[in-house]
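Novice:
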Amino acid sequence: MKSQAVWDEANRFSVNLILMVGVIVSIMQLILHFTTNEKIELATAIILLVVLLISTIFITEKHLRKHFDQHGNRPTPDSHLPT
107 MKSQAVWDEA NRFSVNLILM VGVIVSIMQL ILHFTTNEKI ELATAIILLV
157 VLLISTIFIT EKHLRKHFDQ HGNRPTPDSH LPT
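Quick note: the sequence shown uses this note's numbering, first residue 107, plus one each step.
Here is the structure:
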């Protein structure tokens, strides 16, 4: 990470995403538990969990690019970050 501020923001943001992933997977597990057999339930849960956890990396990176410049500094009111 470029700075402690970037590190702290990445950790804060990704923890929230991972908590949401846990909630989504738990809800899907509950639904699948009552509608499918065990093998389908397990396979779906594993695939969903892996896909969502990997996507948190890309979502966090996008969030950091939006809030920090390439040197790890937060923008000043008169500066503009590239999108």
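Glycine is no exception: its CB is placed at the ideal position from the N, C-alpha and C atoms.
Is ARG171 helix, strand or coil when you go by DSSP?
Specialist: The answer is helix: DSSP assigns ARG171 an H, G or I state.
Novice: Please report how far the alpha carbon of TRP113 lies from the alpha carbon of LEU148, in whole angstroms.
Specialist: Between TRP113 and LEU148, the C-alpha separation is close to 34 Å.
Novice: How is THR141 classed by DSSP in three states: helix, strand or coil?
Specialist: In the structure shown, THR141 sits in a helix (DSSP, three-state: H, G or I).
Novice: Anyone know if the C-beta pair for LEU125 and THR162 falls short of 7 Å?
Specialist: Against a cut-off of 7 Å, the Cβ pair of THR162 and LEU125 comes out as no contact.
Novice: To the nearest angstrom, how far is it from the Cα of ILE146 to the Cα of LEU136?
Specialist: Going by the C-alpha atoms only, they are around 13 Å apart.
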